[in-house]
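J.: Chain order of the listed sequences is C and Z.
Numbers 1189 to 1382, taken from the working numbering, label the letters of the first sequence in order.
Numbers 189 to 651, taken from the working numbering, label the letters of the second sequence in order.
Starting off with a structure, shown below.
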Amino acid sequence: MSARDEILARVRRAVEGAPEVAIPRGYRTTVRVADLVGLFAERVDDYRAVVHVLPSAEVPGKIAELVAGRRMVVPDGLPPEWQVPGGVAGGTVAELDGADGVVTGCAVAIAETGTIVLDAGPGQGRRAQTLVPDYHLCVVRADQIVAGVPEAVARLDPVRPLTWISGPSATSDIELNRVEGVHGPRTLEVIIST
Amino acid sequence: MSATFIGMPGNFPQNAAKAVQNSQLRYNLRKATHTIRGKRANVVNELPDWQELRAAGKAIKDDTLRHLDRYLVQMEEAVTRAGGHVHWARDADEANRIVTRLVQATGESEVVKVKSMATQEIGLNEALAAQGITAYETDLAELIVQLGDDFPSHILVPAIHRNRAEIREIFLDKMRPVPADLTDEPRALAEAARLHLRERFLKSKVAVSGANFMIAETGTLVVLESEGNGRMCLTLPETLISVVGIEKLLPSWRDLEVFMQLLPRSSTGERMNPYTSMWTGSTEGQDFHLVLLDNGRTNVLADEVGRQALRCIRCSACLNVCPVYERAGGHAYGSVYPGPIGAILTPQLRGMSSELDASLPYASSLCGACYEVCPVAIDIPEVLVDLRAKVHHAPAERAGMRVAGWILNDEVRLSKAQRLASRFRKVVPKRLPGPLSAWTDTRDLPEIPEESFRDWWERNERA
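Printed below as a string of structure tokens:
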């Protein structure tokens, strides 16, 4: 018997006659939040990321100011108004390693947890592009922010590679002290475009 | 390279007695467990629907286990459809052989690893080393354990037993390259690990991971982490091999809305962990292999009381609140799964034939704190008591229990025994002789009253 058939047979023997299970979903699937932008900004800030809340017209100027002097990776499909001069394509790992940072949009953001989700869609790049450079500048449009985790899960497509980001890379492995900046980008900067 | 736990000598009381003599260890553990306990409580209390999430989490896992055969087949189909390859492993040896063969097929002799309980359980690093393949742990705590030639002592923070000064010593001694002026500041130690692993991440061709969840409906794997070492391993190498226990499944994509709330808050005490990666099959051109691991899980599944241990999502909240773990530390459990969950999981996965494994169900005061914090409501005390009944007991103990049962089962016999005991109360020794001394070695014999309560009641009611 193959390992597959044997494991499946063992499972069937083990659970034979076990009762069916009803799943109670009494938890909150929508959360009413008066100020989504404010809560999201506060929670991102809790992770010691840098947050700016700006009207959309001021976003290009802010991007230009923040990336000045940095060699930035620019993923395919980044909206023209967020483009940075002299952007690097970032096709190879070596190229990414040589860059100073990356500028992206996102797919969804979660206010309650201060989380940004990338799904490799336009303007978000392949996963390596937001991982290897040491600085990640992410622009979140206010209409991309949902209140809680259930609303985000409902909006996402599992077929796409997803990266959930909550603050800069960190570790708590030494005496359970949180230290920001290990292998992923050590600085996360978020612009919320309202 | 750290040795494997399997076949570790001794038993829990002996190991614990030794561990509690180590005051540094007790200090480190107390500090760490109390810190994380407080963090967890804060973020759990933030959610008004925590108990509803917990009830849903429990039921989703129970449903997963009830129809595990169906969900496994569904998972296999979904991963295959998305360009991945699925392998099945009955036990540790088979899983190790599969991974070794897959690595050999790439022509590589080095792999980078994301922290994974399943690969520790099967001793994968040692099996690969025997075939000339070096596995590099990339999680900071795992790196500390690996460089220190040590055992992990906690599910989430395997180096919890080490403080910053000890970590600095290990790095100076074993890490190459290492900054000559390395201090014991956590920030400096993390920076040293970053430098140490950076090159390796960028050039590695093969990675091995586990997974926190697998979604049967979509074939998606989910890995939660903090440092970015996980993303490095999951994203950059050309070949990715994930070894995952069969109980890690969730039926549907929607179920993540529950577990992405339960796990981070229970585990690191954060609203959300810094990074979570989710991928389905072959992603961005990667060659993806999923190894589905049984290794004793179907035996656990067959036990009506014990099967709830398979709901475990390895958050380690039960370790952090356990008064026994806080004092004895993780090594005393002689398993990659320490603490309360280890005390019920290890004896079920490995059986209770060794002295160590048979002692684990007793590594508890049954205070129930573990049950209270468990995000999937595993009734650990219930399983501990059930396992205690299944452990092999000495003939004298069994005979004693039979006699006690015979007396306690009958009102007349009980009152006769009580009167007899009262009459001889002066001559009953403080320490019992012979095999009965096992009982009084660790407890005082209760004072025998002059008269039983029943007799007293009878007398006073009549008067």
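All residues carry an ideal CB built from backbone N, CA and C; glycine is no exception.
#1: Quick check: the region 328-336 of chain Z against the region 445-464 of chain Z, are there 3 or more CB pairs under 8 Å?
#2: Reducing DSSP to helix, strand and coil, say where Leu437(Z) ends up.
#3: Indicate whether at least one CB of chain Z lies closer than 7 Å to the CB of Asp1383(C).
#4: Using a C-beta cutoff of 7 Å, does Asp338(Z) count as contacting chain B?
#5: Return the CA-CA distance between Arg647(Z) and Thr630(Z), expressed in angstroms with no decimal places.
#6: Helix or strand or just coil, what does DSSP make of Ser211(Z)?
#7: For Trp276(Z), list the residues DSSP reports as bridge partners.
#8: In chain order, what residues of the region 449-469 of chain Z put their CB closer than 7 Å to some CB of chain C?
#9: Which two residues bound the contiguous beta strand (DSSP E) that contains Ser465(Z)?
#10: DSSP three-state call for Ile501(Z): helix, strand or coil?
#11: Rounded to a whole number of angstroms, what is the C-alpha to C-alpha distance between Pro374(Z) and Ala293(Z)?
#12: Whole angstroms are fine: how far does the CA of Pro634(Z) sit from the CA of Lys614(Z)?
#13: Give me the Cα-Cα distance between Arg1315(C) and Ala1342(C), rounded to the nearest whole angstrom.
#14: Kindly indicate the opening and closing residues of the beta strand (DSSP E) around Phe401(Z).
#15: Would you say the region 464-475 of chain Z touches the region 258-272 of chain Z, given that touching needs at least three Cβ pairs under 8 Å?
#16: Do you know whose CA, among Asn199(Z), Gln202(Z), Gly198(Z) and Thr223(Z), lies nearest Glu514(Z)'s CA?
#17: Does Asp327(Z) come out as helix, strand or coil in the three-state DSSP assignment?
#18: Whose C-alpha, out of Met1189(C), Asp1223(C), Val1238(C) and Ala1197(C), is nearest the C-alpha of Gly1355(C)?
#19: Please list the partners that Pro1338(C) has in chain Z, where partner means a Cβ-to-Cβ separation under 7 Å.
#20: Is Thr471(Z) close to chain C, meaning its C-beta is less than 7 Å from at least one C-beta of that chain?
#21: Would you report the Cα separation of Pro1310(C) and Val1276(C), rounded to the nearest angstrom?
#22: Which residues, in chain order, does the region 1318-1331 of chain C contribute to contact with chain Z at a C-beta distance below 7 Å?
#23: Contact criterion: CB-CB distance below 7 Å. Does Arg356(Z) meet it with respect to chain C?
#24: Taking Ile1211(C) as the query, report the chain Z residues whose CB atoms sit under 8 Å from its CB, ordered along the chain.
#25: Spatial neighbours of Thr1382(C) within its chain, please: C-beta separation below 8 Å, excluding the five flanking residues on both sides.
#26: For Leu428(Z), name the three-state secondary structure that DSSP assigns.
#27: Output, in sequence order along the chain, the residues in the region 1213-1238 of chain C whose CB is closer than 9 Å to any CB in chain Z.
#28: Using 8 Å as the Cβ pair cut-off and three pairs as the minimum, do the region 569-579 of chain Z and the region 536-556 of chain Z touch?
#29: Can you name the start and end residues of the beta strand (DSSP E) that Lys301(Z) belongs to?
#30: Would you check if there are 3 or more beta carbon pairs closer than 8 Å linking the region 531-538 of chain Z to the region 426-441 of chain Z?
#31: Which residues in the same chain as Ala1340(C) place their Cβ atom closer than 7 Å to its Cβ, once the five residues preceding and following it in sequence are excluded?
#32: Tell whether a beta-carbon distance below 7 Å holds between Ala220(Z) and Leu1319(C).
#33: Hey, how far is the Cα of Ala323(Z) from the Cα of Glu415(Z)?
#34: Does DSSP classify Met1189(C) as helix, strand or coil?
#35: Quick one, are the C-beta atoms of Leu331(Z) and His477(Z) less than 7 Å apart?
#36: Could you work out which residue in Cys1326(C), Arg1200(C) and Leu1350(C) is closest to Pro1267(C) when comparing CA atoms only?
T.: According to the data block:
#1: no
#2: On the second sequence, position 249 is the one that residue 437(Z) refers to. Here Leu437(Z) sits in strand by DSSP.
#3: For residue 1383(C) there is no data in the structure shown, the boundaries of chain C being 1189 and 1382.
#4: This model lacks chain B altogether; the protein chains it does include are C and Z.
#5: What you label residue 647(Z) is simply residue 459 of the second sequence in a count that begins at 1. What you label residue 630(Z) is simply residue 442 of the second sequence in a count that begins at 1. Cα-Cα distance, rounded: 36 Å.
#6: Along the second sequence, one-based indexing puts residue 211(Z) at 23. Here Ser211(Z) sits in helix by DSSP.
#7: Taking the first residue of the second sequence as 1, we reach residue 276(Z) at position 88. Bridge partners of Trp276(Z): Leu480(Z).
#8: Gln449, Thr456, Arg459, Met460, Asn461, Pro462, Tyr463, Thr464, Ser465, Met466, Trp467 and Thr468
#9: Against the second sequence, residue 465(Z) aligns to sequence position 277. From DSSP, the beta strand (DSSP E) with Ser465(Z) extends over Tyr463 to Thr468.
#10: Along the second sequence, read from residue 1 onward, the residue named residue 501(Z) stands at position 313. If DSSP states are grouped into helix, strand and coil, Ile501(Z) belongs with coil.
#11: Here residue 374(Z) refers to the residue found at position 186 when the second sequence is read from its first residue. Here residue 293(Z) refers to the residue found at position 105 when the second sequence is read from its first residue. Cα-Cα distance, rounded: 39 Å.
#12: Position 426 of the second sequence, counted from the start, is the residue given in the question as residue 614(Z). Position 446 of the second sequence, counted from the start, is the residue given in the question as residue 634(Z). Going from the Cα of Lys614(Z) to the Cα of Pro634(Z) covers about 13 Å.
#13: Here residue 1315(C) corresponds to residue number 127 of the first sequence, with the count starting at 1. Here residue 1342(C) corresponds to residue number 154 of the first sequence, with the count starting at 1. Cα to Cα, Arg1315(C) sits roughly 21 Å from Ala1342(C).
#14: Taking the first residue of the second sequence as position 1, residue 401(Z) is located at position 213. Counting along the chain, the beta strand (DSSP E) containing Phe401(Z) begins and ends at Phe401 to Ile403.
#15: yes
#16: As a position in the second sequence, residue 514(Z) is number 326, starting the count at 1. Nearest of Asn199(Z), Gln202(Z), Gly198(Z) and Thr223(Z) to Glu514(Z), Cα basis: Thr223(Z).
#17: Within the second sequence, numbered from 1, the residue matching residue 327(Z) stands at position 139. Coil at Asp327(Z), not helix or strand.
#18: Taking the first residue of the first sequence as position 1, residue 1355(C) is located at position 167. For Gly1355(C), the nearest C-alpha among the options comes from Val1238(C).
#19: Reading the first sequence from its first residue, position 150 is the one you call residue 1338(C). Those within 7 Å of Pro1338(C) in chain Z are Glu445.
#20: Taking the second sequence and counting its residues from 1, one reaches residue 471(Z) at position 283. Thr471(Z) counts as touching chain C.
#21: Within the first sequence, numbered from 1, the residue matching residue 1310(C) stands at position 122. Within the first sequence, numbered from 1, the residue matching residue 1276(C) stands at position 88. Those two C-alpha atoms are separated by around 16 Å.
#22: Leu1319
#23: Translated into positions along the second sequence, residue 356(Z) becomes position 168. So, not an interface residue.
#24: Stepping through the first sequence from its first residue, residue 1211(C) is reached at position 23. The answer, in chain order, is Ala244, Ala247, Ile248 and Asp251.
#25: The residue given as residue 1382(C) occupies position 194 in the first sequence. Excluding sequence neighbours, Thr1382(C) sits near Val1225, Val1241, Leu1242, Pro1243, Ser1244 and Ala1330.
#26: Position 240 of the second sequence, counting from 1, holds the residue named residue 428(Z). Leu428(Z) falls in the strand class under three-state DSSP.
#27: Arg1213, Gly1214, Tyr1215, Arg1216, Thr1217, Arg1231, Asp1234 and Tyr1235
#28: yes
#29: Counted from its first residue, the second sequence places residue 301(Z) at position 113. First-last of the beta strand (DSSP E) with Lys301(Z): Glu298 to Lys301.
#30: no
#31: Translated into positions along the first sequence, residue 1340(C) becomes position 152. Closer than 7 Å at Cβ, skipping near neighbours: Val1296, Ile1298, Val1305 and Val1334.
#32: Reading the second sequence from its first residue, position 32 is the one you call residue 220(Z). Reading the first sequence from its first residue, position 131 is the one you call residue 1319(C). For Ala220(Z) and Leu1319(C), no; Cβs fall outside 7 Å.
#33: As a first step, residue 323(Z) must be located in the second sequence, where it is residue number 135. As a first step, residue 415(Z) must be located in the second sequence, where it is residue number 227. Rounded to whole angstroms, Ala323(Z) to Glu415(Z) spans 19 Å at the Cα level.
#34: Start at 1 with the first residue of the first sequence, and residue 1189(C) comes out as number 1. Of the three classes helix, strand and coil, the one that applies to Met1189(C) here is coil, per DSSP.
#35: Residue 331(Z) sits at position 143 when you count from the first residue of the second sequence. Residue 477(Z) sits at position 289 when you count from the first residue of the second sequence. Not in contact: Leu331(Z) and His477(Z) (Cβ atoms no closer than 7 Å).
#36: If you number the first sequence from 1, residue 1267(C) lands on position 79. The option with the nearest alpha carbon to Pro1267(C) is Cys1326(C).
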